[in-house]
Each structure stands twice: as structure tokens, then as C-alpha cells.
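Here the working numbering is used: the first residue of the sequence shown is 1, the next is one more, and so on. These notes concern the structure reproduced below.
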Amino acid sequence: MADEETVAADNENASEAQEHAGPGKGLILALVVTPVLMIIITPIIVLMMIKQLSPKLPTTVNAPGTKSKIIEIKLPKLQVNVAGTNGTRYAEIEAVVTVTDPSMKKYFEEQSDTNPDGKLRRMVAVINEIIGSKNLNELLSKEYRDRLKKEIRTALNDILKEDTNGMVHSVYFPRFLIQ
């Protein structure tokens with residue numbers, strides 16, 4: 001029983017000491033732990049939001065021996081005046097797009113009675129507008145050409161998004177000539 005009394009007395013002394021010490025240790029601990037937790041949690045939340053908001057490419061796992069569903073479609077040769085040259089310079093471009101669904105090929109053909117879904121003229125017009133709005137320095141820069149590819153891919157996907165689940169995967173230029 002004496003042991004119990006000493007333990008109880010020690011507990012009372014400890015709680016009294018904490019009351020007299022004030023909020024110092026607890027406050028300091030809270031002020032240190034809170035920013036550390038924020039530093040750790042903020043990047044996790046940002047990464048989760050980026051993953052959630054980023055466009056998702058279809059992920060298809062092909063069985064061994066089967067071919068990928070991604071196909072290439074060659075667009076017609078484009079000749080576009082370069083912006084800011086008063087028609088003295090032009091770009092001659094051959095573009096190829098890769099699409100995630102082979103059934104999308106019909107959209108890259110001209111509209112006709114046999115192919116009412118064709119959107120080739122609209123796509124070529126949009127690509128001409130995009131390329132025609134760029135000046136000579138932009139078209140000659142490799143970094144800017146990469147941005148141009150992304151801009152064309154986004155524009156084509158905007159045209160196609162209402163009609164198909166597939167998408168333009170990439171755009172590349174086998175021929176890119178500035179005259």
C-alpha cells in the first residue's frame with residue numbers, strides 16, 4: 001500500500017510540475033510538428049491531384065505475339081505561309097499521326113457518301129491555322145516544334161473527342177521544310 005501511495009504522490013507531483021511549467025513544451029512541440037507534417041503532406045496531395053487531373057492514355061497490355069493497337073495515319077502534304085514574312089516564306093510539312101484505335105482511320109479521310117464521318121478537311125484547316133500562326137523563328141526552333149506537335153495533337157483530339165473513344169497519341173513530321 002505504501003508503494004501505491006508513493007506512485008500516486010509521484011503522479012500528482014508530475015501533473016503539478018506540468019501545470020507550473022505552462023504550455024511551453026506542448027506549444028513548442030505543436031509549432032515544430034505542424035510545419036513538418038505540412039511539408040510531408042503537401043507534395044503527396046499535389047501528386048495525387050496531378051494524377052487525377054492529367055489526361056489518361058488508354059493502357060492496353062498486349063499478349064505476347066500480338067501487335068499494338070496504335071496505328072499511323074499519314075496526313076496530306078501541307079503548304080502554309082509563315083507568319084510575319086508577307087508571303088515570301090512558306091512551310092512545307094508532311095505530318096503523321098498515331099492513333100490508339102484502328103477504327104479512327106475513317107475520321108482521317110475526306111467526308112463522302114460512303115464515309116460520312118470523315119473530318120480530314122476540318123483537321124487540315126485547323127493544322128494550317130496552327131502552323132500559319134507561327135513565325136519563322138518559332139518554326140525553326142526544335143523546342144518549339146515539339147510544342148507545335150503537342151498543340152496539333154490537342155487540336156485533333158478536340159475535334160475527335162465527341163465521335164470516338166480513341167485519341168491521337170502522337171504527331172511527328174517526316175518532312176518539315178521552310179522555304
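Glycine included, each C-beta is placed from N, C-alpha and C at the ideal position.
DSSP puts residue i in a beta bridge; with which residues?
i: residue 96; result: 74 and 172
i: residue 127; result: In DSSP, residue 127 forms no bridge with anything.
i: residue 178; result: 91
i: residue 83; result: 135
Can you tell me which of the options puts its alpha carbon nearest to the alpha carbon of residue i?
i: residue 165; options: 107, 50, 43 and 101; result: 101
i: residue 106; options: 118, 96 and 113; result: 118
i: residue 169; options: 111, 96 and 128; result: 96
i: residue 99; options: 48, 161 and 69; result: 69
i: residue 84; options: 137, 39 and 38; result: 137
i: residue 159; options: 29, 122 and 175; result: 122
i: residue 126; options: 29, 149 and 115; result: 149
i: residue 163; options: 173, 112 and 108; result: 108
i: residue 103; options: 38, 73 and 156; result: 73
i: residue 76; options: 87, 93 and 88; result: 93
For the ligand GTP, is there any heavy atom lying closer than 8 angstroms to the beta carbon of residue i?
i: residue 170; result: The ligand GTP is not among the ligands present in this structure, which contains no ligands whatsoever.
Could you tell me the boundaries of the alpha helix (DSSP H) in which residue i lies?
i: residue 144; result: 142-160
i: residue 111; result: Taken as a continuous stretch (DSSP letters only), residue 111 belongs to no alpha helix (DSSP H), as it is neither H nor E.
i: residue 102; result: Neither: residue 102 is in no alpha helix (DSSP H) and is coded neither H nor E.
So, does the CB of residue i fall closer than 9 angstroms to a CB anywhere in chain B?
i: residue 172; result: The chain labelled as chain B is not found in the depicted structure, where only one protein chain is given.
Measure how close the beta-carbons of residue i and residue j come, nearest whole angstrom, since I'm counting them as under 8 angstroms.
i: residue 82; j: residue 135; result: 7 angstroms
i: residue 128; j: residue 80; result: 5 angstroms
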